[in-house]
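One gets our numbering by counting positions in the sequence shown from 1 and adding 100 to each.
Note that the Cβ used here is the ideal one computed from N, Cα and C, for glycine as well.
Taking it in order: structure first as structure tokens, then the write-up.
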Amino acid sequence: MTQLEQFAAPGSEWWRSAVIYQIYPRSFADASGDGIGDLPGITARLDALKDLGVDAIWLSPFMTSPQRDAGYDVADYRDVDPLFGTLADFDTMLAEAHARGIRVIVDLVPNHSSDQHEWFQQALKAGPGSPERARYIFRDGRGENGELPPNNWESVFGGGMWQRVTESDGTPGQWYLHIFDATQPDFDWNNEEVQEEFRSILRFWLDRGVDGFRVDVAHGMIKTEGLPDYVPPADADSMGGGQADVPYWGQDGVHEIYRDWHKVLAEYDGDRALCGEAWLPTLERTAEWVRPDEMHQTFNFPYLMTPWDAEKLRSVIRESLDAFGNVGAPSTWVLSNHDVVRHATRLALTVDNPQGEGIGPNTAGKPDPVVGLARGRAATALMLALPGSAYIYQGEELGLPEAMEIPDEYRQDPTWFRTNGERYGRDGCRVPLPWDADAPAYGFNETGRSWLPQPSEWAQFARSTEEADPTSTLALYKELLVKRREFGFATGSLVWEDAGVDAVAFRRGDVHVLVNLGSAPLPLPADATIVLASQPVEGSELPVDTTVWYTRG
Ligand code: GLC
């Protein structure tokens with residue numbers, strides 16, 4: 101029996117209960133010293149993840165890419181970008197992770213490729229009506245000379261969703277669709293060559309031994325037939341999470357694709373899994389992604405988007421357990437990722453900040469960092485008490501806040517450029533991790549280089565600092581993960597308890613979980629014995645913005 105087999109509970113599918121740690125490779129650890137993290141950097145730091153106690157890692161894209169959207173613009177789906185290393189480095193990283201009982205999920209980006217992908221280059225050359233163009237979404241423009249885009253859709257990153265090409269004879273030609281940046285043309289998923297190519301890409305990584313895929317923009321791959329006009333409401337979040345009936349989000353046709361992929365994964369041993377990135381308006385719609393013959397998991401974005409509000413949290417938890425339970429899938433839980441403001445900042449913002457807007461020097465409503473960190477810790481201590489699988493984003497175990505003061509000249513998110521600086525975008529949650537308070541680039545590498553500047557006050561969040569402090573956020577995460585496993589919290593059900601309007605309260609077996617989201621301390625039962633707390637609890641009252649796990653008697 102391999103170490104990986106020993107690690108999994110016999111007879112259970114690992115993804116139903118796993119805590120999965122998202123690695124954003126360019127910002128995790130940089131072995132080469134060029135200022136951008138890489139695969140050898142990850143391998144060298146796997147012991148820290150083992151020590152943290154996670155079950156699996158998900159790696160954001162490291163495939164060949166011109167990096168116009170930090171690797172979410174893939175030019176070759178079967179190779180590693182030299183920035184991150186080589187395929188051999190990947191194999192080593194995978195083997196070393198498996199040797200530690202850590203599963204590995206890779207990011208698959210099927211909605212669009214890079215404009216540098218061989219197929220797109222062929223499409224440009226081949227001209228209108230060709231089979232090469234049919235792999236993407238090329239259309240003639242509107243207007244007398246085709247000078248207007250085929251419809252009025254707006255890119256997630258700002259500006260229009262269509263780009264006009266110059267044909268090989270030098271004349272202005274057709275337009276192609278790009279939900280994201282103009283360097284990210286959308287595939288036409290009705291095209292059989294595209295479908296076959298992605299089956300083959302899945303097999304390429306499955307054969308190498310990956311445990312699954314996080315599927316990028318899983319809700320965008322099919323567009324409404326005829327591509328009808330649509331303008332999103334002004335206050336819509338950019339990924340479409342709050343909106344119903346958008347012609348490029350959540351179309352029913354996507355489910356056929358996942359049923360097909362489910363069969364490909366089922367040919368392999370070891371419970372390989374698909375996790376969909378699907379921003380949808382309701383939990384019922386979200387749960388459709390994980391019906392028994394489709395994906396295995398999907399991110400619970402309605403949970404991530406819930407503000408620090410007891411009533412809203414109680415309802416989203418209840419609705420999540422119902423919606424996923426109804427299709428026989430575990431709920432997932434997530435608070436942070438590389439596309440949203442870090443939750444140790446987000447949960448204390450004082451004005452709305454729709455997804456994709458980001459925070460910069462001029463943003464209103466910046467939070468009190470002490471309140472933010474307290475809420476961030478309390479939110480995680482709640483999340484890790486819930487049944488199902490949970491996602492953790494690199495750096496949240498250190499309590500990292502959003503980097504809010506990145507100078508304009510360092511910004512890299514295409515959102516910033518496509519909106520002419522109106523939206524800061526996502527750079528603030530992507531800053532390289534601090535490992536060592538006293539080393540160059542806080543130990544991210546040995547040279548001190550860093551593709552985004554690290555805030556000067558981050559020594560306090562460095563792993564070396566937190567490892568030496570039993571009250572640190574790192575110590576809390578480790579304790580949460582040990583006790584979550586010990587109490588079997590990942591499976592089973594919860595029983596709601598009533599602790600007033602400003603609390604979230606439930607019982608998991610003998611352990612009670614209580615979160616104080618109000619503005620005054622909450623009484624604890626006289627016979628409560630505290631198992632763990634997200635902040636120090638003295639006496640018989642639970643401070644505000646604090647979560648406690650306790651037993652009675
Ligand atoms: C997903 C990724 C995001 C990327 C976009 C386009 O939403 O998480 O980072 O920009 O897809 O690929």
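Query: Where Met163 sits in the DSSP three-state scheme; Result: strand
Query: DSSP state of Met101 mapped onto helix, strand, coil; Result: Confidence at Met101 is low in this model, with a pLDDT of 40, below 50, so its placement is unreliable and no value can be given for it.
Query: Residues near Trp114 by beta carbon distance below 7 Å, same chain, minus five either side; Result: Ala108, Asp155, Arg203, Asp371
Query: C-beta contact flag for Tyr493 and Asn453 at 8 Å; Result: no
Query: Pair within 8 Å by beta-carbon distance, Leu404 and Leu435; Result: yes
Query: heavy atom of ligand 1 below 7 Å from Tyr172 C-beta; Result: yes
Query: Inter-residue spacing [alpha-carbon to alpha-carbon] between Pro507 and Gly528; Result: 11 Å
Query: Meets three-Cβ-pair contact criterion under 8 Å: the region 317-337 and the region 152-166; Result: no
Query: Member of Arg314, Ala410, His278 whose CA lies at the smallest distance from the CA of Phe257; Result: His278
Query: Inter-stretch contact (C-beta, 8 Å, three-pair minimum) for the region 565-574 and the region 593-611; Result: no
Query: Cross-strand partners of Phe287 (DSSP beta bridge); Result: Tyr236
Query: Near ligand 1: Phe544 beta-carbon under 7 Å from a heavy atom; Result: no
Query: For Asp179, the three-state DSSP class (helix, strand or coil); Result: strand
Query: Stretch pair the region 295-310 + the region 166-183: three plus CB contacts closer than 8 Å; Result: yes
Query: Whether Glu502 touches Thr445 by CB criterion (8 Å); Result: yes
Query: Three-way DSSP call (helix, strand, coil) for Thr480 in this model; Result: helix
Query: Proximity below 8 Å, CB of Leu581 to CB of Leu152; Result: yes
Query: Nearest to Ser640 (by Cα), restricted to the options Arg652, Thr386, Leu622; Result: Leu622
Query: Under the three-state DSSP convention, the category Val615 falls into; Result: strand
Query: Asp602 and Gly618 closer than 8 Å at C-beta; Result: yes
Query: Alpha-carbon spacing of Asn616 relative to Arg299, whole angstroms; Result: 48 Å
Query: Start and end residues, alpha helix (DSSP H) containing Ile357; Result: 354-366
Query: Sequence-distant residues of its chain with Cβ nearer than 7 Å to Gly185 (five each side left out); Result: Asp138, Leu139, Pro140
Query: Expected contact under 8 Å - CB spacing of Ala378 and Thr398 to nearest Å; Result: 5 Å
Query: Beta-carbon separation (whole angstroms), Ser213 vs Pro285, contact threshold 8 Å; Result: 7 Å
Query: Val615 beta carbon near ligand 1 (any heavy atom closer than 7 Å); Result: no
Query: Residue range of the unbroken alpha helix (DSSP H) whose run includes Tyr403; Result: 401-404
Query: Proximity test, His217 beta-carbon vs ligand 1 heavy atom, cut-off 7 Å; Result: no
Query: Spatial neighbours of Pro328 in its chain, beta-carbon cut-off 6 Å, leaving aside the 5 residues before and after; Result: Pro347
Query: Near ligand 1: Phe280 beta-carbon under 7 Å from a heavy atom; Result: yes
Query: Unbroken stretches of the alpha helix (DSSP H), 4 residues or longer, contained in the region 421-465; Result: 443-446
Query: Cα-Cα separation between Gly525 and Phe517, rounded to whole angstroms; Result: 9 Å
Query: Whole-angstrom distance between Ile322 and Ala223, CA atom to CA atom; Result: 20 Å
Query: Local conformation of Gln216 per DSSP, three classes; Result: coil
Query: At least 3 beta-carbon pairs within less than 8 Å: the region 353-362 vs the region 404-424; Result: no
Query: Nearest candidate by alpha-carbon position, reference Val427, set Thr386, Val441, Pro467; Result: Thr386
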